[in-house]
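In my numbering, the protein residues as written are 1009 to 1694. Beta carbons: idealized from backbone N, C-alpha and C, even for Gly. Heads up, the thing below is written out as structure tokens.
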Ligand code: 3HC
């Protein structure tokens, strides 16, 4: 039944009990319907409903969303609770989210524990509240608050919920407090559905739609939630409930909700395999290199309460490293994330030094120095000589060979890659790069650090660029090809922004600096397939000193350090290079641009899967969403590919082979999926 029932005198106690977070599935809905009848048959003077464990209820069980809705439906359960002659009181012990909040809103009273949260985050799963949330919330807390909670999926803490009028009280023991409520007082509380809806407020609706256009472009559910709230204002309660339910059911079947559910569960499945040994306790961390990345990693670690020894090669380096972490601390204070005392704690935990013996007891070192094999080898030799013999040694390299770095130490089994993404204290992806000899203990240490830092850990094999940068390199290559053959950086950027990226590939390069890509290309010169087309425009940009925003000009110009403007000189470079190469340029429609860039990535990602560099399609989804800005609501690159369908992808790539058989060489995984009738998510080696 997923709940327990107990009587004590005239009070019925119902405890939602479906560990770990009391998700509401069919069994719990059955149980609640039975509880309503039981309470009426017993003629209780109240029912107190609470949750076992840490949650009241985390909402409808999203695992049930793939199938048809099963009776009894949650809105009917909420109605039965609300219309019962026995008044129900929600004792909200922990989070009450989605359907959990909807049960609480249907109760006659709500008393919350001090740490409780109440919210309707359905839009984060691509749906809208489907059991009365849109209608009851606005009757209780007013239009503005309801719009904010529902359209942005933002839960309220107990204190804010009380202020908003969503709950009646905050008590340390909400069950006990619910038992003490005066029966007469309880009898006088009007059921939520009987309250009048708030008045229409055109300005509030315009403001929320405006904000959504900026903050959630392309996403359907938030706007549909706003529509349902608006229409509900002039409908009878039952009619509004029917509209809400129909919208919920429609969205639940849609691509966006499927994609967001996939991401929700993939993120939670990113855990260490069960058979990994325990990691050593991470009592302190050594970080080598205090540049942007090293400082970000050090800042993230001291923020967690870990002592960090930040190692640099000389006094200047130490000074720069201290300054870089200091800037992050100052930014934390300025944003209100850090108090002055908290900031001092962070500074106290940081030791910046050039003396490696200061890290002699560190169980883990993360090297984030200059991307140069000889520099890295020298650092690893020092770490090898100074840190404990079983310390785990990680490199944050983005593309260098982890096995070669490992081979320069006495025990390569303790070496692995921990690839952070800038800014390291914010970006959630952590690629854990498993070298040929990396031990399970080292791997488990990487996972342990990822868990402490609340990262999304994804294991990658060794190759140039691992999972993310390798796929991204194809994205860049495809965008340069489209640019050379007929488009412009701004049209390409616009196409990808319209697809759902926050920025297109050229604006991203302007921010990171065109010198980075230039260095990567020079490194790849020796191994590049001579039959592969090489687009020289980025090299021309480098030669012209157009290195990006930091110098005021890159693919765009940034006059006066301000916003970006298109630069005709950049467009001319493509005309010139196409002329030199004897290419007749064609104009691309937006959908052609998007298709080429995405197909190039999908094809490479399929190779990444084929070579075992990524362990699953879902891992590639996590990498592309959490590290590279692929829109979450499209479910990650491989999930998106599966919505297009592998046969369609194979057909389109095959058609493009006529233009360039090398660039569009079909991945064997795609043909294998097509032959075996599998999706990419289902693929594993035959
Ligand atoms: N359905 C199914 N499983 C759920 C779930 C849900 N709504 N919410 C959480 N879980 C599962 C997770 O998948 C995870 O499973 P695992 O242990 O097998 O990996 C487990 O519960 C614990 O979840 P977390 O790891 O996320 O635990 P946290 O303590 O970090 O967070 C939480 C708890 C804040 C409740 C978070 O899980 C959460 O935000 N859940 C989703 C809340 C939500 O979006 N609710 C709306 C659902 S849609 C709905 O209610 C429709 C209704 O209007 C009709």
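Buried or exposed: where does residue 1287 fall if 16 or more other Cβ atoms within 10 Å of its Cβ makes it buried?
Counting from one through the chain shown, the residue named residue 1287 turns up at place 279. So residue 1287 ends up on the buried side.
Going by DSSP, what residue range makes up the beta strand (DSSP E) through residue 1315?
If you number the chain shown from 1, residue 1315 lands on position 307. Where residue 1315 is concerned, there is no enclosing beta strand (DSSP E), given that its DSSP letter is neither H nor E.
Residue 1436 Cβ short of 7 Å to the ligand 3HC heavy atom set:
Mapped onto the chain shown, residue 1436 falls at position 428. Answer for residue 1436: no, Cβ out of range of the ligand 3HC.
DSSP state of residue 1013, grouped into three classes?
By one-based count along the chain shown, residue 1013 stands at place 5. In the structure shown, residue 1013 sits in a strand (DSSP, three-state: E or B).
Taking all protein chains shown into account, decide if residue 1024 is buried (16 or more other Cβ within 10 angstroms of its Cβ) or exposed.
Locating residue 1024 in the chain shown gives position 16, where the first residue counts as 1. By the neighbour-count rule (16 or more Cβ atoms within 10 Å), residue 1024 is buried.
Could you pull the DSSP bridge partners for residue 1439 from this structure?
Within the chain shown, numbered from 1, the residue matching residue 1439 stands at position 431. Partner(s): 1427 and 1466.
What's the gap between the Cα of residue 1631 and the Cα of residue 1278?
Here residue 1631 corresponds to residue number 623 of the chain shown, with the count starting at 1. Here residue 1278 corresponds to residue number 270 of the chain shown, with the count starting at 1. Roughly 11 Å between the two C-alpha positions.
With burial defined as no fewer than 16 other Cβ atoms inside 10 Å of the residue's Cβ, what is the status of residue 1667: buried or exposed?
Stepping through the chain shown from its first residue, residue 1667 is reached at position 659. The residue is exposed, with fewer than 16 neighbouring Cβ atoms inside 10 Å.
Identify the residues that DSSP records as bridge partners of residue 1096: which are they?
Walking along the chain shown from the start, residue 1096 turns up at place 88. Answer is 1055.
How many Å lie between residue 1600 and residue 1503 at the Cα?
The residue given as residue 1600 occupies position 592 in the chain shown. The residue given as residue 1503 occupies position 495 in the chain shown. The alpha-carbon atoms of residue 1600 and residue 1503 are separated by roughly 9 Å.
Is residue 1583 closer than 8 Å to residue 1549 when the C-beta atoms are compared?
Counting from 1 along the chain shown, the entry for residue 1549 is found at position 541. Counting from 1 along the chain shown, the entry for residue 1583 is found at position 575. No; because the gap between Cβ atoms is not below 8 Å, this pair is not in contact.
Quick check: what's the CA-CA separation for residue 1154 versus residue 1345?
As a working mapping, residue 1154 is identified with position 146 in the chain shown. As a working mapping, residue 1345 is identified with position 337 in the chain shown. Near 26 Å, if we compare the C-alpha coordinates of residue 1345 and residue 1154.
Residue 1500 and residue 1483: beta carbons closer than 8 Å?
As a first step, residue 1500 is located in the chain shown; it is residue number 492 there, counting from the start. As a first step, residue 1483 is located in the chain shown; it is residue number 475 there, counting from the start. Not in contact: residue 1500 and residue 1483 (Cβ atoms no closer than 8 Å).
Less than 8 Å between C-beta atoms, sequence neighbours within five positions excluded: which residues of the same chain meet that for residue 1455?
Sequence index remark: in the chain shown, residue 1455 carries index 447 (1-based). Here the set comprises 1279, 1280, 1284, 1287, 1440 and 1465.
Spatial distance of residue 1331 from residue 1363 (CA atoms)
Locating residue 1331 in the chain shown gives position 323, counting from the first residue. Locating residue 1363 in the chain shown gives position 355, counting from the first residue. In a straight line, the C-alpha of residue 1331 is about 18 Å away from that of residue 1363.
Proximity to residue 1389 [Cα-Cα], best of 1408, 1365 and 1416
Stepping through the chain shown from its first residue, residue 1389 is reached at position 381. Per the Cα distances, 1416.
Buried/exposed call for residue 1433, threshold 16 Cβ in 10 Å:
Locating residue 1433 in the chain shown gives position 425, where the first residue counts as 1. Answer is buried; the Cβ neighbour count reaches 16.
Shortest alpha-carbon distance to residue 1368 belongs to which of 1159, 1065, 1395 and 1301?
As a working note, residue 1368 is residue 360 in the chain shown. Taking only the C-alpha atoms, the option nearest residue 1368 is 1395.
Shortest alpha-carbon distance to residue 1554 belongs to which of 1683, 1520, 1421 and 1535?
On the chain shown, residue 1554 is found 546 positions in, with the first residue counted as 1. Nearest option by C-alpha distance: 1520.
Three-state secondary structure (DSSP) of residue 1307
Residue 1307 sits at position 299 when you count from the first residue of the chain shown. DSSP places residue 1307 in helix when its eight states are reduced to three.
Does the contact criterion of 3 or more C-beta pairs under 8 Å hold for the region 1264 to 1279 versus the region 1414 to 1428?
no
The alpha helix (DSSP H) spanning residue 1503 covers which residue range?
Translated into the one-based positions of the chain shown, residue 1503 becomes position 495. Its alpha helix (DSSP H) spans residues 1497 to 1507.
Locate the alpha helix (DSSP H) running through residue 1142, then write down its first and last residues.
The residue labelled residue 1142 in the question sits at position 134 within the chain shown. Where residue 1142 is concerned, the enclosing alpha helix (DSSP H) stretches over 1141 to 1149.
Around the Cβ of residue 1570, are there at least 16 other Cβ atoms within 10 angstroms (buried) or fewer (exposed)?
Mapped onto the chain shown, residue 1570 falls at position 562. Looking at its Cβ environment, which holds fewer than 16 other Cβ atoms inside 10 Å, residue 1570 is exposed.
Residue 1093 classed as buried or exposed, judged by whether at least 16 other C-beta atoms fall within 10 angstroms
On the chain shown, residue 1093 is found 85 positions in, with the first residue counted as 1. Counting Cβ neighbours within 10 Å, residue 1093 comes out exposed, since fewer than 16 surround it.
Let me know the beta strand (DSSP E) ranges lying completely inside the region 1190 to 1263, each 3 residues or longer, listed in chain order.
none
Can you give me the C-alpha to C-alpha distance between residue 1603 and residue 1664, rounded to a whole angstrom?
Residue numbering aside, residue 1603 sits at position 595 when the chain shown is read from its first letter. Residue numbering aside, residue 1664 sits at position 656 when the chain shown is read from its first letter. Going by the C-alpha atoms only, they are around 11 Å apart.
Might you give, ordered along the chain, the residues of its own chain that have their beta carbon closer than 6 Å to the beta carbon of residue 1248, omitting 5 neighbours on each side?
In the chain shown, the residue the question calls residue 1248 occupies position 240. Within the same chain, residue 1248 has close Cβ partners 1143 and 1240.
At a threshold of 7 Å, does residue 1071 count as lining the ligand ZN (C-beta to nearest heavy atom)?
Inclusion of the ligand ZN in the displayed structure is not the case, the ligand content consisting of the ligand 3HC alone.
Coarse secondary structure for residue 1407, derived from DSSP in three states:
Taking the first residue of the chain shown as position 1, residue 1407 is located at position 399. Three-state result, residue 1407: coil.
Can you name the residues that DSSP bridges to residue 1556?
To locate residue 1556, count along the chain shown from 1; it is residue 548. Answer by DSSP bridge pairing, in chain order: 1561.
Contact between the region 1371 to 1380 and the region 1288 to 1303 (3+ Cβ pairs under 8 Å)
yes
Could you give the distance in angstroms between the alpha-carbon of residue 1157 and the alpha-carbon of residue 1127?
If you number the chain shown from 1, residue 1157 lands on position 149. If you number the chain shown from 1, residue 1127 lands on position 119. The straight-line gap from Cα to Cα measures roughly 7 Å.
In terms of DSSP beta bridges, what is residue 1297 paired with?
Along the chain shown, read from residue 1 onward, the residue named residue 1297 stands at position 289. DSSP, once it has assigned bridges, lists no residue as partnering residue 1297.
Residue interval of the beta strand (DSSP E) (run including residue 1667)
Mapped onto the chain shown, residue 1667 falls at position 659. Premise fails: residue 1667 is in no beta strand (DSSP E) and is neither H nor E.
With three or more C-beta pairs closer than 8 Å as the rule, is the region 1116 to 1131 touching the region 1203 to 1210?
no
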